[in-house]
Amino acid sequence: MHANTKKEDVLERVFHEPNRMAILSLLCASREGLAFTELRDRCGLTDGNLNRHIKVLEEEKVVRCAKMFVNGKPRTTVFLTASGAKRFQAYLDALTAVLKQAKAAMAAEKKLVSLRLPRFEAAT
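When you read off a place in the sequence shown, starting at 1, and then add 42, the result is the number in our numbering.
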């Protein structure tokens with residue numbers, strides 16, 4: 043990440059929501075998409091909550107939904123789009139860089155704090 047790159051530019055807000063991250067993580071592992079009900083159950087969401095997240099991701103063209111009938115019953119299958127996969131990968135790369143930077147800063151601060159603490163020797 044470049045020094046002049048803003049965090050908002052690399053950490054897309056659409057992905058930075060825990061439930062959406064879970065949805066996309068599951069879709070990344072399923073090339074054939076996932077049935078709405080399976081996605082709902084695996085994410086532990088209600089129908090309404092999952093539907094709202096899917097709508098947001100659809101508006102951003104990150105996912106697409108296909109409605110079909112299977113054994114006479116309606117089924118909605120959710121797919122990760124190619125551009126959605128690329129954007130999500132870029133988000134994960136940026137998040138990894140931010141986390142590494144934060145971890146390094148915390149380690150450096152911990153080291154500084156330990157250097158500043160007075161050292162006491164046991165009285166003998």
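Glycine is no exception: its CB is placed at the ideal position from the N, C-alpha and C atoms.
According to DSSP, residue pairing for Val105 in a beta bridge involves Leu122. By the neighbour-count definition (other C-beta atoms within 10 Å, threshold 16), Phe111 is an exposed residue. Taking 7 Å as the cut-off, the Cβ atoms of His95 and Arg117 do not count as close. With respect to Arg82, Leu92 sits close: the two C-beta atoms are nearer than 7 Å. For Asn113, no alpha helix (DSSP H) segment is defined, and its DSSP state is neither H nor E. Taken atom to atom, the span from the alpha-carbon of Lys109 to that of Glu74 is near 14 Å. Here Val120 has Leu69, Gly75, Leu76, Phe78, Leu81, Ile96, Val105 and Cys107 as same chain residues with Cβ atoms under 7 Å from its own Cβ, once five neighbours each way along the sequence are excluded.
Under the DSSP assignment, Glu74 falls outside any alpha helix (DSSP H); it carries neither an H nor an E label.
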